[in-house]
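First up is the structure itself, then whatever we jot down about it.
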Amino acid sequence: MSMLTGPGFAQDPPREARPGVKDQKEPEPTRLPPIISEDGNHSVHQNSHTRYQEAVRKVLLKTFPSQVFRVPLTDTQNFSFWRSHNPGVRPEETMPWIRSPCHCLIKSPMTRFTDHSILNDRNFSLY
């Protein structure tokens, strides 16, 4: 039976005898970041369940997207291009559309009465 199959399953033919092997190049490494990074949650518990439970109790694990991912997941999380990169500049100065005008609400006479009564009478209650 081994005469029919040639050298057999366990023995591969020489590299030169295989078709298309000469033209193949070595695979290029991917440009993706590693799956397990040293600065992620893995470094906190190091695959130990007791250390993981302790990290959960002490809130040491990274939970926000900005802590877990290097690149923002969506455009709404990437709001840094709106902000000025100067540390002394407030956002309201560079982006005036942030500030909304303050409209003071005038208290009604009943609200003023209850506020006055609460301050002056300890036993005052609306009910």
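Take 1 as the starting number for the sequence shown in full-length UniProt numbering and just add one per residue.
Every residue gets a Cβ at the ideal spot worked out from N, C-alpha and C, and that includes glycine.
Just so we're clear, the structure is a prediction, and the values are computed from it rather than from any experiment.
- The beta carbon of residue 114 lies closer than 7 Å to those of 126 in the same chain, with the five residues before and after it left out.
- Within the model, the alpha-carbon separation for residue 53 versus residue 46 is close to 12 Å.
- The alpha-carbon of residue 95 is positioned some 26 Å away from that of residue 105.
- Annotation: the continuous alpha helix (DSSP H) that includes residue 110 extends over 109-120.
- In the DSSP annotation of this structure, residue 103 is not part of any alpha helix (DSSP H), being labelled neither H nor E.
- Ranked by Cα distance from residue 107, the options 101, 116, 99 are led by 116.
- For residue 91, the enclosing alpha helix (DSSP H) stretches over residues 91-94.
- In the three-state DSSP reduction, residue 31 falls in the coil class, being neither helix nor strand.
- For residue 59, no alpha helix (DSSP H) run applies, since DSSP gives it neither H nor E.
- In the structure shown, the three-state DSSP call for residue 46 is coil.
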